[in-house]
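Protein chains: 4
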Amino acid sequence: MNRLHALTDGVYAIAMTLLVLELHVPDARSSSELLTALAALGPNLFAFALGFAVLGTYWVGSAVNLSHLGRVDRAALFLNVLQLFFISLLPFTTAIIGRYPDEAAAVVLYGVHLEALGLAQYAHWVYVLRNPHLAHSPIDPRTARAVTTRILFAPTVWAVAIVLAPFSPRLGYAVYYVVLIGYVVTAVRDRTVLR
Amino acid sequence: MNRLHALTDGVYAIAMTLLVLELHVPDARSSSELLTALAALGPNLFAFALGFAVLGTYWVGSAVNLSHLGRVDRAALFLNVLQLFFISLLPFTTAIIGRYPDEAAAVVLYGVHLEALGLAQYAHWVYVLRNPHLAHSPIDPRTARAVTTRILFAPTVWAVAIVLAPFSPRLGYAVYYVVLIGYVVTAVRDRTVLR
Amino acid sequence: MNRLHALTDGVYAIAMTLLVLELHVPDARSSSELLTALAALGPNLFAFALGFAVLGTYWVGSAVNLSHLGRVDRAALFLNVLQLFFISLLPFTTAIIGRYPDEAAAVVLYGVHLEALGLAQYAHWVYVLRNPHLAHSPIDPRTARAVTTRILFAPTVWAVAIVLAPFSPRLGYAVYYVVLIGYVVTAVRDRTVLR
Amino acid sequence: MNRLHALTDGVYAIAMTLLVLELHVPDARSSSELLTALAALGPNLFAFALGFAVLGTYWVGSAVNLSHLGRVDRAALFLNVLQLFFISLLPFTTAIIGRYPDEAAAVVLYGVHLEALGLAQYAHWVYVLRNPHLAHSPIDPRTARAVTTRILFAPTVWAVAIVLAPFSPRLGYAVYYVVLIGYVVTAVRDRTVLR
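Residue numbers (my numbering), protein chains in the order written: chain A, 1 to 195; chain B, 1 to 195; chain C, 1 to 195; chain D, 1 to 195.
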């Protein structure tokens with residue numbers, strides 16, 4: 001269990017920090033040129049912030065969900081490694097939207113990636129629900145439904161973003177941000193104390 | 001003990017995440033060019049997935065094996081560092097098969113690398129078996145045999161892949177994937193609960 | 001809780017270590033050329049040391065502050081992720097002052113970054129103070145005031161550095177280093193034993 | 001305490017894994033060219049192995065020494081961060097000897113770096129000895145002397161390597177390896193069980 005947490009936290013921490021490698025120091029000959037060049041990094045900073053928000057939100061979600069888990073078997077470990085696969089790929093798709101912020105293909109690819117991540121998280125959760133002997137303490141149906149809703153909410157809305165992005169990449173981004181801000185607002189208002 | 005776990009999980013997490021650095025954002029001028037360029041990244045994505053699967057499988061194996069260990073001495077730490085040496089080299093050989101997917105030399109090199117990794121894991125396990133005072137609780141002969149078989153199975157088959165690769169690199173890849181899928185299937189069917 | 005620590009320590013450890021990627025091996029044809037080229041890396045080494053000192057100081061501060069926290073809710077997790085956002089950006093702004101050590105804009109940008117980091121740390125601390133049920137044990141007013149002073153001291157002085165840097169970048173650096181050295185001296189003289 | 005371990009293990013794990021980034025995939029048009037190109041990477045692989053051996057040896061040493069520590073104060077944390085500073089710089093000096101294996105300046109620089117690392121480790125240990133209230137359990141004089149000898153042995157011999165390297169870089173490398181192999185052999189023969 002502890003090792004699953006350690007690997008998970010490690011991959012999240014590294015993916016979060018690798019995002020910064022896509023921010024290249026610009027060429028400039030004066031302070032004013034430097035400021036102009038930094039302003040031109042806008043799309044990259046935007047992608048960095050988006051990627052970080054996605055990772056931060058999924059990490060908080062993962063920390064909350066895994067807190068229900070008291071024991072693991074090897075299948076649960078592999079389902080977790082599957083999630084980490086999509087987490088470790090995120091710096092790549094984030095770099096793509098940083099470089100091609102206005103291309104619909106980039107925004108759709110990002111949405112498909114988030115979709116895969118959300119479904120992997122859902123698969124892990126379903127496995128926990130179907131193997132109650134792995135749970136720390138019995139998960140009551142109300143909590144189970146609440147967590148399921150929280151996990152499935154994002155992939156549902158990512159699907160909307162994927163459909164909208166070919167018409168307007170910016171609308172796609174707007175959807176991504178609305179979901180993430182929604183999670184943060186819900187999280188901040190939910191004062192449940194975690195162990 | 002905890003520190004051995006922390007270092008091990010850290011190196012695995014970083015090696016997994018560094019694999020993504022070999023996926024370079026392609027140059028493109030439109031959404032369709034971007035899609036074509038991403039499709040051309042196929043071999044790299046293939047190598048990324050293979051590398052991730054190897055690391056994930058060995059990590060699960062290492063988590064299961066180390067769970068038998070209750071105490072360490074300095075020799076056990078060094079045997080573990082030896083494994084981590086081969087783990088931390090993996091992004092390099094993975095990058096090589098990503099760049100030269102059809103060269104037999106790349107596939108053979110990868111196999112030799114996996115062979116070294118498997119033998120280092122075996123050396124560690126033999127050390128644990130020979131120093132039963134390090135074990136968490138006595139390891140019964142049946143478990144010992146099962147773990148030994150599981151550890152030696154992969155290196156045996158890697159040897160087959162190394163022999164086959166010069167004739168057909170693709171056959172070599174097929175062998176790698178069959179082994180990894182075999183591990184996942186076995187793992188999923190084995191419902192032993194881990195601490 | 002443990003996972004919050006693990007993610008935090010992971011991001012700090014990676015940000016610390018990523019700083020080294022800005023130190024590029026110079027081109028040289030002889031030992032004396034190599035020494036000259038290494039000497040020319042002075043500003044980069046200076047930025048590396050500054051970035052490391054900032055991360056080290058904030059990490060020690062974070063370890064001390066989080067030791068008051070016994071429980072978390074999701075808002076506390078997000079406030080922590082916000083701090084990690086600014087931590088993971090630090091290799092970027094550190095690289096900028098390594099490349100443009102004499103540009104006022106670089107020094108000001110660094111100061112603004114440190115300001116944001118300090119305020120995020122302050123927001124987290126205020127949240128802990130306002131939610132005493134999250135504290136490990138009641139925080140007495142004197143400790144609360146001491147921690148608040150320690151957290152707010154740096155952002156106050158960073159503001160001075162931001163004002164001074166346009167007149168003299170070196171004066172800005174001097175302020176950064178004085179603050180960091182001040183923290184180390186205070187820390188070394190304060191013999192409070194931490195759990 | 002746990003956080004000190006986590007940060008330490010994180011920095012070691014990342015430094016170990018970042019070493020691999022200096023191994024660049026070579027350009028080649030056939031399997032035989034690839035093998036030739038890989039053989040030409042010899043010095044880099046040699047530096048990689050040396051860097052990994054140094055990090056592995058210091059990590060085992062650090063794990064053993066820190067196991068005496070039961071409590072920390074802020075000065076002990078800063079002394080540890082100082083060690084991590086030199087650890088996180090190691091990928092840089094390792095890359096330099098990988099690129100300039102035959103330049104005396106590179107070998108001397110590496111020795112000076114190891115010297116600084118060893119002295120930082122010694123400073124930490126002296127601090128622990130002078131503040132016995134930080135120790136897990138009283139450190140008896142015999143253990144204290146043994147650890148002191150083990151810590152000071154390496155820096156003494158690094159000094160010899162620094163003096164010899166200008167005459168023969170290879171002699172310098174030989175000294176580095178002899179010390180590391182000496183540590184491994186001693187470690188393997190010392191069967192003390194660690195907690």
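Beta carbons: idealized from backbone N, C-alpha and C, even for Gly.
Distance between beta carbons of residue j and residue i, contact taken as under 8 angstroms
i: Asp102 of chain C; j: Gly10 of chain D; result: Not confirmed; about 34 angstroms, so no contact.
i: Arg191 of chain A; j: Val64 of chain B; result: With 8 angstroms as the limit, Arg191 of chain A and Val64 of chain B do not qualify as a contact, their Cβ atoms being about 38 angstroms apart.
i: Tyr127 of chain C; j: Ala76 of chain C; result: 6 angstroms
i: Gly111 of chain C; j: Ile181 of chain C; result: Contact flag wrong, Cβ pair sits at about 17 angstroms.
i: Val20 of chain C; j: Pro91 of chain D; result: 5 angstroms
i: Val54 of chain B; j: Phe78 of chain A; result: 13 angstroms between Cβ atoms; not a contact.
i: Ala116 of chain A; j: Pro166 of chain A; result: Contact doesn't hold; Cβ gap of about 19 angstroms is too wide.
i: Leu84 of chain D; j: Ile96 of chain D; result: Actually they do not touch by this definition, with Cβ atoms about 20 angstroms apart.
i: Val157 of chain D; j: Val175 of chain D; result: 6 angstroms
i: Pro155 of chain C; j: Val107 of chain C; result: Contact doesn't hold; Cβ gap of about 16 angstroms is too wide.
For residue i, three-class secondary structure by DSSP
i: Ala28 of chain C; result: coil
i: Asp73 of chain A; result: coil
i: Val193 of chain A; result: strand
i: Ala40 of chain B; result: helix
i: Ala165 of chain C; result: coil
i: His5 of chain B; result: helix
i: Ser67 of chain C; result: coil
i: Leu23 of chain A; result: coil
Beta carbon proximity, residue i to chain C, threshold 7 angstroms
i: Val184 of chain A; result: yes
i: Arg145 of chain D; result: no
i: Thr156 of chain A; result: no
i: Arg142 of chain D; result: no
CB contact check: residue i to chain B, cutoff 7 angstroms
i: Leu7 of chain A; result: yes
i: Val25 of chain A; result: no
i: Arg191 of chain D; result: yes
i: Phe153 of chain A; result: no
i: Ala63 of chain D; result: yes
Any chain D beta carbon closer than 7 angstroms to residue i
i: Phe52 of chain C; result: yes
i: Ser168 of chain B; result: no
i: Val179 of chain C; result: no
i: Gly10 of chain B; result: yes
i: Val107 of chain C; result: no
i: Ser88 of chain B; result: yes
i: Thr148 of chain C; result: no
i: Ala187 of chain C; result: yes
i: Val20 of chain C; result: yes
Residue-level contact to chain A via CB, residue i, 7 angstroms cutoff
i: Glu103 of chain C; result: yes
i: Ala13 of chain B; result: yes
The ligand PLP heavy atom lying under 6 angstroms from the CB of residue i
i: Gln83 of chain B; result: The ligand PLP is absent from the structure shown, which contains no ligand whatsoever.
Interface positions of the stretch 67-80 of chain B facing chain D (Cβ-Cβ less than 8 angstroms), listed along the chain:
Result list: Arg71, Val72, Asp73, Arg74, Ala75, Leu77 and Phe78.
Output the residue ranges of the alpha helix (DSSP H) runs that lie fully inside the stretch 87-151 of chain A and measure 4 residues or longer, sorted by chain position.
If we require 4 residues or more, the alpha helix (DSSP H) runs fully inside the stretch 87-151 of chain A come out as 104-130.
Residues within the stretch 90-101 of chain C neighbouring chain A, beta-carbon criterion of under 7 angstroms
Residues of the stretch 90-101 of chain C that bring their beta carbon within less than 7 angstroms of a beta carbon in chain A comprise Pro91, Phe92, Ala95, Ile96, Arg99 and Tyr100, in sequence order.
Report the residues of the stretch 117-137 of chain B with a CB closer than 9 angstroms to any CB of chain D, ordered along the chain.
Cβ contacts with chain D: Asn131, His133 and Leu134.
Residues from the stretch 29-59 of chain C in contact with chain A, defined by Cβ distance under 7 angstroms:
If the cut-off is 7 angstroms between Cβ atoms, the stretch 29-59 of chain C has nothing near chain A.
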